[in-house]
Amino acid sequence: MATDVLRVEDLRVWYHTPRGPVKAVDGVSFGLLSNERLGLVGESGSGKSTIALALMRLIRPPGRIEGGRVQLDGVNLLEIADEPMRRLRLAAIALVAQGAMNSLNPVVRVREQIIDGMRDHDEKLTKQAAAARVASLLDQVGLKPEVADRFPHELSGGMKQRVCIAIAIALRPKVILADEPTSALDVVVQRQVMETLKRVQEQLGASVVLVGHDMGLMAQFVHRLGVMYAGRLVEVSPVGEIFVEPLHPYTRLLIGSLPSLEEKGKFQGIPGLPPSVLERPSGCSFHPRCPHAMPRCSVEDPQLQQVRPNRWVACHLYDESESNGKVVVSP
Amino acid sequence: MRTDYLVKRVGLFVLILWLASTVNFILPRLGGQDPIRAQLGAQAAMGGNSQIGAKAMIAEYDARFGLDKPLLQQYFTYLGDTARLEFNFSMSAYPNKVIDIVWRSMPWTITLLGVTTLLAWTIGTVLGAILTQANAPRILRYILPPILTLSAIPFFLLGLLLIYLLGFQLKWFPLAGGYDQGLLPAWDPKIIINMVYHSILPALSIILASIGFWTLGMRGVMISTQGEDYLLFAEAKGLRGRTVFLRYAIRNALLPQLTALALALGNIVAGAVLVEVIFQYPGVGSLLYQSIRASDFSVIQGVVFIIIVSIGLATLILDLIYPLLDPRISYVKR
Amino acid sequence: MATLAQEQALPTYETRASRLGVVATGTFRYLRRNPELIVGLCLLAALMAFVAFGHALVDLDKARPLSTRPLLPPSPVLPFGSDKQGRNLLAVMVVGTPQTLEIGVLAGLIGVSVGTVLALVSAFYRGAADAIIRGVVDVGLTIPGLMVLITLAMNVKGGLTIPQMILVVAALAWLFPARVIRAQVLSSREKAYIDVARLSGMPTPAIIVKEVLPNLMPFIVASLVGSVSAAVLASVGLEVLGLGSFDSLTIGMTLYWVIYYAAIINSWWWWWLPPIVIIIMLFTGLFLIAVGLDEFANPRLRRRT
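Protein chains in written order, with our numbering: chain A, 170 to 500; chain B, 59 to 392; chain C, 1040 to 1344.
The following block contains the structure:
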């Protein structure tokens, strides 16, 4: 759509192992509006982290992007050469990675790590100008200017992650990818980091794709939520509506498994195990664990369809029409 | 803090010195009789040249370490002597003092070892780093297997082969010695060139046989460094390839590579000692060989101790350099 | 080599035959990925074959001095010629090669065994034992080994016999394996296995035997190869320096005489060539085996097919 900042179409990322290809991402499509925060949630192995790396074109062998399009501002990121892609990284699309423990170079000071990104994108900066920029960026993420002179090991987990955010916004990118940015942090720091991320995103007018597995976090942060299962999107909806009325059975079970402050009772898990990455169940990947499985589900793979305004589900429960070659627009 | 690290390292050094001298003191006396005294006695009985010195040495020896003195006193005398590097006289080359003989051999060994180790480590490290890059020149990939196989061979064996091939058959290099016979080492440029010429084969043996080790090591370290999260993040920042390679990969990989150097020093010295023997190169290695042949205990003890001290010192220096390169170490315990 | 935990997770329908089959194909594929292992094993096998044939072909008594006229070049009667002291060099090689190997293997085995035991004690029982063992290892590894060996050897009259050589080398050989295995046991991966076992109530000795050792095996095997190599090098070094027993026929001693009598310059090529070739084959073989086992010991380094 015209107002999409980022448009992903039929993205496929496979890992080639001696025992066959692992289809980590198998036909994912979505759009990202400007100023929007989109969440991608799913269990481990659902492919969500792979998507983040694929959008940055950082997939390494034995992984390979097998197909699809990633349109950023009219440019297909999967088709351009290495050097133009390098220039787009950080400047147009930036990554805040998981593992704040280890994202920063241990032997280089924070200041240098903020500046080198700018320098390698041809920003000519005098020493004073650079120092001023660094101080301003640190201020935006709520860190004191002295942090610039520190080494990463002298900072706490939350501080390191905020430095990573500062680096990510240094060149005012249009899209920020946050891959489980708070998974190693405690709850209080988690909130600080997420608040920081929200604030800088709104100030910049950028868009965020937040990848994670914490539904509670998603509820508080994103506008729209995409649920991933076995490498595909099974539901995409505005976050409020998803929680009030989850459509896909998997989403329902996910939300149902969240502990609630109001009700006390038994925990509801999701029976069964995530599907083997090498051998997907036939038809709908979720049918072996689905409480509403129908005969059709083990045969036919449901497509992501818009069943209500702005609500997309891939499930035969809502599939009124037969798939007969209609063009399927994506969320 | 920094001082904590410093204290520990220097303490280790002193401990090693003390251990080395104590072991040197105790071991000979374990058998009940004192082999040094026995050797001196044997030399005295042999007559001729060795007899003259032997008598004087026996007298001096008995005065210091005579059996009438209590063991503890002998021990402290010994420790004191060792601390002053006073190893008395060479048994086979009286009246030369051990320390003088050793001192004369040291520069040869230090130069040979120093230059070759530095060269081998540097070239190997650079080679290993380049080999991890996809755009490494093809020739390098073909050089790697032979260099690696060479590194399996002990230095001195390679030396023997080089003597035969390059010295004996092709006659490109001299076969032995540190300098031509008839010349005396001096600061004359012509003599210096001659000395360098003589050192090429020994140096080559050491360099060729150790490069493979450093190359393989650096390549391994680089590969594991490249698997680290901060490398991925560096690429995600859109940094230039060169920046990532130099400042993120190599800068971090150098640390374990340097540690490997410190750990390998003992083996390198051992290898160099044997190389000197092969080439009759006038360093501490040849000295050791000759004194073993002559059963000259004083010199052997002196050489062994000096080598231990030198390696301990070199390790200490490397240990002290390390915190300058790795900011995580300065702040050891808060 | 499945640990208890792993075994319980195996589906029950696997038969013993199919498991053997899996192991066999796995080994075959491993060898295909790591050809160095095959080459290394072949080199060692060739040496063993040489020794075996030699025993059949040659009268080993001739390895003693004054068995033949000295310094004869190779001939049908003396395939390797003779040395300055009149030994039949083929006989010397056939006797000396296994002796050198024996020193290396025994000293290496003792070193790795003692080192493993001490490493396990140090890692599991912590406290004073750990402090002492770690201290000894740290100091011991900082002191150059050859110097210690020389000091020890100097105090033995008449040069080190083979059993003495083995003991002396083994006395130092345990240090490095101890450090490396202790580090491996304390690594986070192993810790996870150990913690789970502890929490399920397994007594410590059982944990060591059933959980830790099987996981450590690849690592220990790799250490063994390195240990044997280092032990051979140490013994050869001592012998070349003249600290071996003068009656001994090991490769190191042969090299000692080669140097003593300047065999290279005197063009007695048949004297210095065989020991050098044998030693090169030995070290290269061990080295290639170590490289080939690298993936076994370090699955993380698995090459991409």
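Cβ coordinates follow ideal geometry from the N, Cα and C atoms, glycine included. Everything numeric in this text was worked out from a predicted model, so none of it was measured.
D308/A, buried or exposed, once every other Cβ within 10 Å from all chains shown has been counted against 16: exposed
Pairing CB atoms from the segment 1138-1149 of chain C with CB atoms from the segment 1196-1216 of chain C, are three or more of them under 8 Å? yes
So if I threshold CB-CB distances at 7 Å, which residues from the segment 1101-1130 of chain C count as touching chain B? none
Please give the ranges of any alpha helix (DSSP H) in the segment 180-258 of chain B, keeping only runs that are unbroken, at least 4 residues long and fully inside the region. 196-208, 213-220
Taking 9 Å as the cut-off, decide whether the C-beta atoms of L412/B and R67/B are in contact. The question about residue 412/B has no answer, for chain B in this structure spans 59 to 392.
Could you confirm whether any beta carbon from chain C is found closer than 9 Å to the beta carbon of K391/B? For K391/B, the predicted model reports a pLDDT of 47, less than 50, meaning its position is unreliable and no value from the coordinates is stated.
Element boundaries [alpha helix (DSSP H), containing S305/A]: 296-309
Go ahead and pull the three-state DSSP assignment for S282/B. helix
When you compare only the Cα positions, how much space is there between A1222/C and A1261/C? 15 Å
With a cut-off of 9 Å, does the C-beta of D1177/C fall near any C-beta of chain B? yes
Meets three-Cβ-pair contact criterion under 8 Å: the segment 171-188 of chain A and the segment 228-241 of chain A: yes
Where W272/B sits in the DSSP three-state scheme: helix
Please list, in chain order, all residues of the same chain as A318/B whose beta carbon is under 7 Å from its beta carbon, the five residues on each side excluded. G275
How is I262/A classed by DSSP in three states: helix, strand or coil? strand
Determine the contact status of L294/A and Q282/A, defining contact as a CB-CB distance below 9 Å. no
Beta-carbon contacts of R188/A that lie in its chain and below 8 Å, excluding the five residues immediately before and after: L447
Would a check of beta-carbon distances place P385/B closer than 9 Å to chain A? yes
Quick check on the DSSP output: what are the complete beta strand (DSSP E) runs of length 3 or more inside the segment 366-454 of chain A, in order along the chain? 376-381, 393-398, 401-407
List the residues of chain B that D383/A touches, going by C-beta distances under 9 Å, in chain order. Those within 9 Å of D383/A in chain B number zero; the least Cβ separation is about 20 Å.
From Q501/A to G381/A, what distance separates their C-alpha atoms? Outside the displayed span of chain A (170 to 500) sits residue 501/A, for which this structure offers no information.
With K217/A and M363/A assumed to form a contact (beta carbons below 8 Å), what rounded beta-carbon distance in angstroms separates them? So it is not a contact: roughly 17 Å between Cβ atoms.
Answer yes or no: does any C-beta atom of chain C fall closer than 9 Å to that of G138/B? no
Does W1309/C pass the burial test, meaning 16 or more other C-beta atoms within 10 Å, or should it be called exposed? buried
State yes or no: is the beta carbon of Y222/B nearer than 9 Å to at least one beta carbon in chain C? yes
Is there a Cβ from chain B that is less than 9 Å from the Cβ of P500/A? no
Are the Cβ atoms of L346/A and V265/A separated by less than 9 Å? yes
Quick one: Cα of L1401/C to Cα of R1068/C, how far? Only positions 1040 to 1344 of chain C appear in the structure, and residue 1401/C is not among them; the question remains open.
Which chain C residues are close to V362/B, counting only those with a beta carbon under 8 Å from its beta carbon? M1186, I1189, T1190
Identify the continuous beta strand (DSSP E) that holds F199/A and give its terminal residues. 189-202
Can you give the beta carbon distance from I1220/C to A1158/C, rounded, assuming they're within the 8 Å contact cut? 4 Å
Can you confirm whether G324/B, when its beta carbon is compared against all beta carbons of chain C, has any partner nearer than 9 Å? yes
Please give me, in chain order, every unbroken run of the alpha helix (DSSP H) with length at least 4 that falls completely inside the segment 1099-1181 of chain C. 1128-1164, 1166-1181
For E235/A, the three-state DSSP class (helix, strand or coil): strand
S368/B: which of V333/B, Y255/B, L75/B, T190/B sits nearest, CA to CA? L75/B
Enclosing alpha helix (DSSP H) for Y380/B [first to last residue]: 355-383
Which of helix, strand or coil does DSSP assign to S1057/C? helix
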